[in-house]
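Under mature numbering (1 follows the signal peptide of the UniProt record, and there is no 0), the residues of the sequence shown are numbered -21 to -1, 1 to 313, in order.
Don't be surprised by glycine CBs; every beta carbon is placed ideally from N, CA and C.
Below you'll find the structure, written out as structure tokens, and then a few comments.
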Amino acid sequence: MTLRTHLLAASAIAVAAPAVADVNIYTTRQPELIEPVMEAFTEETGIAVNLAFIDEGIVERLRAEGDRSPADLVMTVDIANLKQIVDADVIQPVDSDVLKSNVPATLRDSEDRWFALTARARIVYASKDRVADGEITTYEDLASDKWEGRICTRSGTHNYNLALLSAVIAHHGEEAAKEWAAGVRDNLARKPQGNDRAQVRAIWAGECDISLGNTYYMGKMLEDAEQTEWANSVRIVFPEFEDGGTHLNVSGIALTKAAPNKDEAIQLMEYLVSDHAQAIYAKDNYEYPVLDGAALSDVVASWGTFTPDEMDLPEIADHRPAALRIMEEVNFDG
């Protein structure tokens, strides 16, 4: 079969399933981020991949479609979203030795219902001019009053920050996490706003000295001529929890309950954690491979090494409701 990677509107997939055994994916990831690795799979196997980008409402769509859904796989980012599809009971477990061998236990569901494909660290972007080397060491330190008026971040209720606060709860309990959230709030230079790149722009503009962000945004900013100057004004710092490592979140994949092309879908899942696919992800998206030993891109490698936190991601996800409540109680977003 010739290479046939399709980018379809969600409604187009729902109208008619392909006549051949393609693999249909509902994804919250922008298609351009995952098309290169899907094209490589098609080239290697002859199995075409149909991508349906659904920014919001994947769970509701899968529930509405039920057994008639054409979707074989669902791809999303953030442990909270992965937990949501588990809780909605729209996916099924996959018993695969390849997936279990290539994806660490801390980065997959204990009942094999989802598997991480890539990881990203939630780190600190620090001004090269105004923050000294070694001045930031822990997440806990971000609540110290030495950072008063010096921190920028996106909304406290965004999934990325809720996942980080959930990890604080997992490490220290709810009361300590509430104190930490209030401390970070008190250190904000401005009302939470924008995305992670906007915080780096604020550092470049002198509005704050440090910000919370995901690692891969550095690579994306360096690609953009308008944003390169922002990126070059900061360095990446990998804080750790006092009793752990650097917080990770993931992109992940799961097999839907309907999965009309189950065998081909599992074949794709296994391919996505292979050496070849993980190297493509790392190079094109500036993310960290989940496969031990897979090559990093030169840009990612230049950021340095860190010790990943070993806290179990599903456990972190369990604390998300408490994290949201805390952010609202401390009025983090003002």
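CB G272 to CB L96, shorter than 7 Å? No.
Bridge partners of I232, per DSSP? Answer is M54, F94.
For the putative contact between V38 and Q63, defined by C-beta atoms under 8 Å, what is the C-beta separation to the nearest angstrom? Contact between V38 and Q63 holds, since their C-beta atoms are separated by about 6 Å, short of 8 Å.
With burial defined as no fewer than 16 other Cβ atoms inside 10 Å of the residue's Cβ, what is the status of E45: buried or exposed? The question names Glu, but residue 45 is Gly in the sequence shown. G45 counts as exposed, since fewer than 16 other beta carbons sit within 10 angstroms of its beta carbon.
With a threshold of 6 Å on Cβ separation, who are the neighbours of A145 within its own chain once the five nearest residues in sequence on each side are excluded? According to the sequence provided, residue 145 is Ser. The question's Ala does not apply to it. Taken in chain order, the residues that qualify are I295, H298, R299, A302.
Using the Cβ count rule (16 or more neighbours within 10 Å means buried), how would you classify P72? Taking a 10 Å sphere around the C-beta of P72, we find fewer than 16 other C-beta atoms and assign the residue as exposed.
Are the beta-carbon atoms belonging to N240 and V2 less than 7 Å from one another? Here N240 is near V2, since their CB atoms are less than 7 Å apart.
Might you give, ordered along the chain, the residues of its own chain that have their beta carbon closer than 6 Å to the beta carbon of V312, omitting 5 neighbours on each side? The sequence shown places Asp at residue 312, not Val. Excluding residues within five positions, the ones whose Cβ falls inside 6 Å are S134, G135, P171.
Euclidean distance between Cα positions of D175 and A122: If I take the Cα positions, the gap works out to 19 Å.
Please work out which residues of its chain come closer than 6 Å, Cβ to Cβ, to L61, disregarding the five sequence neighbours upstream and downstream, and give them in chain order. Counting only Cβ-Cβ distances below 6 Å, and skipping sequence neighbours, we find W93, G231.
Buried or exposed (CB count within 10 angstroms, at least 16 for buried), G192: If you draw a 10 Å sphere on the C-beta of G192, you find 16 or more other C-beta atoms in it, and that means buried.
Can you tell me the Cα-Cα spacing of V163 and P287, whole angstroms? Those two C-alpha atoms are separated by around 22 Å.
Kindly indicate which residue of Y265, H150, T116, E289 has the alpha-carbon position closest to the one of E202. Minimum Cα-Cα distance from E202 among the listed residues Y265, H150, T116, E289 corresponds to Y265.
Buried or exposed for T(-17), going by 16 or more other Cβ atoms inside 10 Å? Since pLDDT at T(-17) reaches only 38, below the 50 mark, its modelled position is unreliable, and the value read off the structure follows with that caveat. T(-17) is classed as buried because its beta carbon has at least 16 other beta carbons within 10 Å across all chains shown.
Out of curiosity, what's the CA-to-CA distance linking I4 and E23? Roughly 18 Å between the two C-alpha positions.
Inter-stretch contact (C-beta, 8 Å, three-pair minimum) for the stretch 48 to 59 and the stretch 221 to 229: Contact holds: three or more Cβ-Cβ distances are below 8 Å.
Residues in its own chain within less than 8 Å of M248 by CB, not counting five upstream and five downstream? Non-local C-beta neighbours of M248 in its own chain, meaning closer than 8 Å and more than five positions away in sequence, comprise L52, V73, S75, L78, F94, I232, L234, ordered along the chain.
Counting beta carbon pairs with one atom in the stretch 126 to 133 and one in the stretch 178 to 187, are three or more of them shorter than 8 Å? In this structure the stretch 178 to 187 touches the stretch 126 to 133; the number of beta carbon pairs closer than 8 Å is three or more.
Please go through the same chain and pick out, in chain order, the residues whose beta-carbon is closer than 7 Å to the beta-carbon of Y195, but skip the five residues on each side of it. Within the same chain, Y195 has close Cβ partners R99, N264, Y265, E266.
Report yes if the CB atom of W209 is closer than 7 Å to the CB atom of V252, and no otherwise. Going by beta carbons, W209 and V252 fall outside the 7 Å limit.
In terms of residues, what are the limits of the alpha helix (DSSP H) holding S48? Where S48 is concerned, there is no enclosing alpha helix (DSSP H), given that its DSSP letter is neither H nor E.
Host alpha helix (DSSP H) of F32 (start-end): Where F32 is concerned, there is no enclosing alpha helix (DSSP H), although the beta strand (DSSP E) it sits in stretches over 28 to 32.
E307 versus R42, K157, T85, A111, residue with shortest Cα-Cα distance: Ranking R42, K157, T85, A111 by Cα distance to E307 puts K157 first.
Less than 7 Å between the C-beta atoms of A237 and S48, yes or no? For the 7 Å CB-CB criterion, A237 and S48 form a contact.
In this structure, how does DSSP classify I148 when only helix, strand and coil are distinguished? I148 sits in a helix when the DSSP states are folded into three classes.
Reference D254; option with closest CA among P10, R8, F20: The shortest CA-to-CA distance from D254 to any of P10, R8, F20 is the one to F20.
Own chain partners of E243 with C-beta closer than 6 Å, once the 5 adjacent residues on each side are dropped: Apart from the 5 residues on each side of it in sequence, E243 sits with its Cβ closer than 6 Å to the Cβ of A(-1), V2, I26 in its chain, given in chain order.
Going by the beta-carbon positions, is the gap between R214 and K107 smaller than 7 Å? Yes, these two residues count as a Cβ contact at 7 Å.
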